[in-house]
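Working notes, beginning with the structure itself.
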Amino acid sequence: MRRGYKITVVMPCYNEEEGVADCLAAMPDFVDEVIVVDNNSSDATGDVARRMGARVVFEERPGYGRAYKSGLSQAAGDVVCTLDGDGTYPVVAIPYLIDILDRDDLEFVSAWRIAADWQESFDYFLRWFGNKVFNFAILLLYFRHIHDSQSGMWCFRRDVLEKVNVTSDGMPFSEELKLEVFEKRREIKGREVPIDFHYVKRKGESKLSLWRDGTKNFIFLFRRRLAKLLGFWPKVPPISDEEPQGEPRKPS
Ligand SMILES: Nc1nc2c(ncn2[C@@H]2O[C@H](COP(=O)(O)OP(=O)(O)OP(=O)(O)O)[C@@H](O)[C@H]2O)c(=O)[nH]1
Ligand SMILES: [Mg+2]
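Each residue of the sequence shown is one higher than the one before, counting from 2 in the working numbering.
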């Protein structure tokens, strides 16, 4: 519990046996429930998470958004926090985000990662640059200034899951969720909150294919804009109604 709220942390994981162990080891004591979504991993992600006290939700259908939908729908907390299971997001920022949510009576906050020091890493540069390009595309297409559209660290009241129409099961889930929240500003009080970010190379292999996922993200943003203008963007069931699918493989 923190500030009277029951807290759930959700992490989508596809082959993150190393990263998820680091995240779980750093988890603050006030967190009531940690849900690790094992997205049909072929490594020991599920076992490691279970051994370290997390609740493991298995989801066989692939996709970042798919994993999130299945995990978030199972959350029991009043407030839900999220992060990748790869050790790149600062677990120490969780209490800060919850406190801001409570202090300012917000319903949704998205961590806006600000690096205090420039990292001499080509990987870091590509991610930083890609983020800027998407932020700019969102500004042009949606007239919205999102500083960190690709951030995967959010903290929100659980009932937000019933108010947003998030269609993507893939990587665009992250930007679509933010767009949904910020577009519904009369219904959902949301904001980006700056956090101190120190880039660390992720544990395990990246699941991001910069060009393939980048192109898909662009197409998604254009398609959504156009379909919304023409009035045929689909309405999907709320995330809270999603059900995980599949059975974990038995060890051979
Ligand atoms: N891309 C992808 N990620 C998944 C999937 N299922 C679960 N995930 C998890 O979603 C999180 C995001 O994937 P990452 O590979 O970290 O993507 P990213 O953060 O954009 O890229 P990095 O900077 O390399 O970490 C990780 O914790 C993955 O394990 C999936 O099907 N596809
Ligand atoms: Mg990551």
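Beta carbons: idealized from backbone N, C-alpha and C, even for Gly.
Taking 7 Å as the limit between beta carbons, can you name the residues of its chain near residue i, skipping five residues before and five after?
i: ARG51; result: VAL57
i: LYS236; result: ASN166
i: GLU181; result: VAL165, ASN166, VAL167
i: ALA138; result: PHE219, LEU222
i: ASN132; result: ASP149, SER150, GLN151
i: GLU188; result: LYS164
Name the one or two DSSP bridge partners that residue i has.
i: VAL38; result: PRO13, VAL58
i: TRP113; result: PRO195
i: TRP155; result: SER111
i: TYR6; result: ARG3
i: VAL80; result: ILE8, ARG158
Can you give me the Cβ contacts of residue i inside the same chain, cut-off strictly under 6 Å, excluding the 5 residues immediately before and after it?
i: ASP103; result: ARG4
i: VAL10; result: VAL32, VAL35, CYS82
i: PRO195; result: TRP113, ILE115
i: GLU18; result: ASP44, ALA45, THR46, VAL49
i: ASP124; result: none
i: GLU177; result: VAL167, SER169
i: LYS185; result: none
With respect to the alpha helix (DSSP H) encompassing residue i, which residues constitute its N-terminal and C-terminal limits?
i: THR46; result: 46 to 52
i: THR89; result: Note, THR89: premise wrong, no alpha helix (DSSP H); not H, not E.
i: THR216; result: 211 to 231
i: ARG128; result: 123 to 143
i: SER175; result: 174 to 184
i: SER71; result: 65 to 73
i: GLU18; result: 18 to 26
Can you find the residues in the same chain that come closer than 8 Å, C-beta to C-beta, to residue i, ignoring five residues on each side of it along the sequence?
i: PRO96; result: ARG3, PRO29, PHE31
i: VAL92; result: CYS24, ALA27, MET28, PRO29, LEU84
i: PRO63; result: TYR15, ASN40, ASN41
Worksheet entry | Pocket of ligand 2 defined by Cβ to heavy atom distance under 6 Å | ASP85, ASP87, THR89, ARG203
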